[in-house]
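In what follows, a structure is listed as structure tokens, so that the remarks can point back to it.
Numbering (the working numbering), first residue to last: -17 to 523.
Printed below as a string of structure tokens:
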């Protein structure tokens, strides 16, 4: 299978906020804010500086220092489901992407956004917003399901999956309206192309060009970094080479201690045990240690370069006088990925390229369990599972006109909340119908009160399901099950964020109550038990 395309997601301008209105003189109309959503791809919970890493991320760190940080924010555990939920404000099954972009007969698993949902871009168009996207789409591969068919005025990026950052084998699509007839010519990357830079260049162009329109904008900036293959620029790799030779146990301990100092995790949190798939560092040869150090250096360089490009976007806002009235929300689509380049879905050429050194531009490699275990410090498991290591993401909100000083929240939030937040900011209403189709009510709750420093009631419960992996969180309690074992485990997240102390036997009534909640949700949403799901294969990533 080929790896299809990476998309760049974009930002919106929001309107009608009382806190903004107070800054204007009586009678002066309130400008709707620009809205930017920045999505990282396969980035772990502790991979940026303000969440514990030694990686240089000064722009995200500054956004956190001067904005809102939510330390218990959740995604949907995998690329496609998270993107479907982000864009629509629905759980992924409701939007038609209950698994990946596999084409399946079951409506909740059809593999592309259905007609009973709207994207943020579609919902904001009626409120006077220009809408832009750059980067990874991954919620529908057929041309009729592409971004410009789902509310975006302009788009540049890859439609689905993953590929080389230097020499993509699948066509990028240029900054133009794309037709169902697919008459747009594929974009051939110029010499010196690097995907992360290329996406951000379009985002910067959108921001600058939009200034003359007099309209607010929504930008969905969907980086593919740091998703495999590990590809980075030499000058960025050089910053981190040799920084990981102390070994994965030591790096995890260092991050864990920094996270406590930063207040990302509380004092009761324990560092989860080294994953069962990760050997003792001392058992490695010197050559193996150096190869791992190189992979981690390249991975860190990818995160670093993403942050540099976030800096370019912020600078474009400042230079066009739009920085104060623009809200930026940053998160990752899932936890760190333990995937390796082997097995189904990978060509012999890809598998051969995975054996090359990570710093080789023609390499096609991943950092596997050993790197993901570091990236998700101190949490358990990874992308695909619904333990905290699969679904927890850093969440940072920068909005200079409204947020004047650092705020931190430990309240649970969810990726479905972004739709409601964007509409609230824009003064727009969520539609009941769109293009003569009934639209399912949003599952999200606006984060605007929290952004404004007010009381936010939040969710009664949050739910998760991906390929048979299940979870429900209510208050501090979390019930979680791993497929195919299908054994419920119970954790108190306030006391045990790393899910190391199973309390199911101690609190059987709580477990039963949460299981009943989950079953009610699964029935309403359209979840099909994974063993009963049509196993037709498609995109796996």
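Cβ coordinates follow ideal geometry from the N, Cα and C atoms, glycine included. What you are looking at is a predicted structure, and each value in this text was computed from that prediction instead of being measured.
- Here DSSP, grouped into helix, strand and coil, assigns residue 403 to helix.
- Taking 8 Å as the cut-off, the beta carbon of residue 428 is found closer than this to the beta carbon of residue 406.
- Here residue 15 is buried: its Cβ has 16 or more other Cβ atoms, across all protein chains shown, within 10 Å.
- Taking 8 Å as the cut-off, the beta carbon of residue 68 is found no closer than this to the beta carbon of residue 385.
- CA-to-CA, the gap between residue 254 and residue 360 works out to about 6 Å.
- The continuous alpha helix (DSSP H) containing residue 233 extends over residues 230 to 244.
- Distance between residue 213 and residue 223, taken at the CA atoms: about 14 Å.
- In the three-state reduction of the DSSP assignment, residue 181 falls in the helix class.
- By the neighbour-count criterion, in which a residue is buried when 16 or more other Cβ atoms sit within 10 angstroms of its Cβ, residue 220 is exposed.
- The beta carbons of residue 510 and residue 90 sit closer together than 8 Å.
- Residue 22 is positioned such that its CB atom lies closer than 8 Å to that of residue 205.
- Across the structure, residue 501 and residue 453 are spaced so that their CA atoms are roughly 10 Å apart.
- By alpha-carbon distance to residue 443, the top candidate from 294, 288 and 458 is 458.
- Taking a contact to require three or more Cβ pairs closer than 8 Å, the stretch 363 to 371 and the stretch 312 to 323 qualify as touching.
- Segment contact: the stretch 123 to 143 against the stretch 416 to 430, fewer than three CB-CB distances shorter than 8 Å; contact not assigned.
- In the structure shown, residue 367 adopts coil according to DSSP, grouped into three states.
- The beta-bridge partner set that DSSP reports for residue 308 consists of 16.
- Residue state for residue 352 is assigned as helix, using DSSP reduced to three classes.
- Distances from the alpha-carbon of residue 80 to those of 63, 25, 350 and 382 put 63 closest.
- Measuring C-alpha to C-alpha distances from residue 461 to each of 497, 209 and 513 identifies 497 as the nearest.
- Per the coordinates, the alpha-carbon of residue 329 lies some 26 Å from the alpha-carbon of residue 515.
- Residue 373 sits away from residue 202, with the two beta carbons spaced by 8 Å or more.
- The alpha-carbon of residue 271 is positioned some 10 Å away from that of residue 230.
- Residue 378 and residue 245 have their C-alpha atoms roughly 14 Å apart.
- Within its own chain, the residues whose Cβ lies closer than 8 Å to the Cβ of residue 76, once the five positions on either side in sequence are excluded, are 70, 90, 98, 99, 422, 425, 507 and 508, listed in chain order.
- With contacts defined as CB atoms closer than 8 Å, residue 275 and residue 351 fail to qualify as a contacting pair.
- With respect to residue 194, residue 346 sits apart: the two C-beta atoms are not nearer than 8 Å.
- Rounded to whole angstroms, residue 382 and residue 435 show a C-alpha spacing of 13 Å.
- Taking a C-beta distance under 8 Å as the contact criterion, residue 175 and residue 375 do not qualify as a contact pair.
- According to DSSP, residue pairing for residue 378 in a beta bridge involves 51 and 312.
- Membership of residue 499 in the alpha helix (DSSP H) is indicated by the continuous run 490 to 507.
- In terms of CA proximity to residue 31, 43 leads the group 82, 24 and 43.
- The three-state reading of DSSP puts residue 398 in coil, since its state is none of H, G, I, E or B.
- Between the alpha carbons of residue 189 and residue 101 lies a gap of roughly 20 Å.
- A Cβ-Cβ separation of about 12 Å leaves residue 41 out of contact with residue 305 under the 8 Å criterion.
- Considered as a whole, the stretch 33 to 95 harbours 40 to 47, 61 to 70 and 74 to 77 as its complete alpha helix (DSSP H) runs of no fewer than 4 residues, in chain order.
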